[in-house]
Amino acid sequence: MQEMTEDERLVDALGESAFRTMGALTGIAADAGLSLTQLRVLAILRDRRMRIGDLAQHLGLEKSTMTGLVARASAKGLLRRVPNAEDARAVDVVITDAGLDVARSLEAAIRESLLPLTTRLSVGERGELRVLLERMLR
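Quick note on the numbering used here: the sequence shown kicks off at 802 and runs consecutively.
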């Protein structure tokens with residue numbers, strides 16, 4: 802069997818970390834009665850409001866799909882639609898207080914689930930990893 806190149810090993814490690822992360826996030830969302838996409842929407846809207854179209858584009862979804870996701874989350878009391886202050890034709894999506902409470906509890910669950918993946922790293926290595934991931938994802 803041929804030994805893997807450094808690039809192949811990197812891609813393999815990225816894939817495995819993505820699968821573990823997605824598995825954890827999917828389970829956390831399901832435990833809260835949410836889809837993974839609804840979890841992402843709550844995380845995005847914790848500190849901002851966005852137009853439905855912009856939110857859909859940010860997530861790589863069709864606007865009609867986003868409208869349905871927002872409607873379901875609104876029915877659960879997690880989000881609400883409000884008129885855009887600058888454009889009367891546009892609608893913004895905002896997180897409710899209940900949605901913010903759910904987002905905060907999910908954030909804690911995510912931290913508890915994902916931080917153990919880094920226990921073999923020193924504090925300095927964790928910081929390095931964060932900086933590298935942030936640079937990679939920019």
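We put the beta carbon where it would ideally sit given N, CA and C, even for glycine.
My understanding is that residue i touches residue j, with C-beta atoms under 8 Å, so please give their C-beta distance in whole angstroms.
{"i": "Ile896", "j": "Leu840", "result": "Contact doesn't hold; Cβ gap of about 12 Å is too wide."}
{"i": "Met805", "j": "Asp813", "result": "7 Å"}
{"i": "Leu918", "j": "Arg821", "result": "7 Å"}
{"i": "Lys833", "j": "Val903", "result": "The question names Lys, yet the displayed sequence has Ala at residue 833. Sure, about 6 Å apart at Cβ, within 8 Å."}
{"i": "Leu930", "j": "Leu938", "result": "Actually they do not touch by this definition, with Cβ atoms about 12 Å apart."}
Helix, strand or coil, according to DSSP, for residue i in the structure here?
{"i": "Asp893", "result": "strand"}
{"i": "Arg939", "result": "coil"}
{"i": "Gln837", "result": "In the sequence as presented, Gln is not what sits at residue 837; that position holds Leu. Looking at Leu837 - three-state DSSP - the assignment turns out to be helix."}
{"i": "Arg852", "result": "strand"}
{"i": "Gly963", "result": "One cannot answer for residue 963 here, as it falls past the ends of the chain, which runs 802 to 939."}
For the alpha helix (DSSP H) holding residue i, just list the boundary residues, first then last.
{"i": "Leu826", "result": "Glu807 to Asp832"}
{"i": "Arg882", "result": "From DSSP, Arg882 is part of no alpha helix (DSSP H) but of the beta strand (DSSP E) over Leu880 to Pro884."}
{"i": "Thr866", "result": "Lys864 to Ala876"}
{"i": "Glu913", "result": "Asp898 to Leu915"}
Have a look at the options and flag the residue whose alpha-carbon is nearest the alpha-carbon of residue i.
{"i": "Leu835", "options": "Glu929, Leu915, Ser865 and Ser906", "result": "Ser906"}
{"i": "Leu901", "options": "Arg921, Leu880 and Ser914", "result": "Leu880"}
{"i": "Leu914", "options": "Ser818, Gln803, Ala825 and Ala872", "result": "As written in the sequence, residue 914 is Ser, which differs from the Leu given in the question. Nearest C-alpha to Ser914: Ala825."}
{"i": "Leu837", "options": "Lys864, Leu933 and Ala874", "result": "Ala874"}
Inter-stretch contact (C-beta, 8 Å, three-pair minimum) for the stretch 821-833 and the stretch 910-920:
With three or more CB-CB distances shorter than 8 Å, the stretch 821-833 counts as touching the stretch 910-920.
Is the stretch 852-859 in contact with the stretch 886-893, if contact means three or more CB pairs nearer than 8 Å?
As far as the Cβ criterion goes, the stretch 852-859 touches the stretch 886-893, which means the pair count is three or higher.
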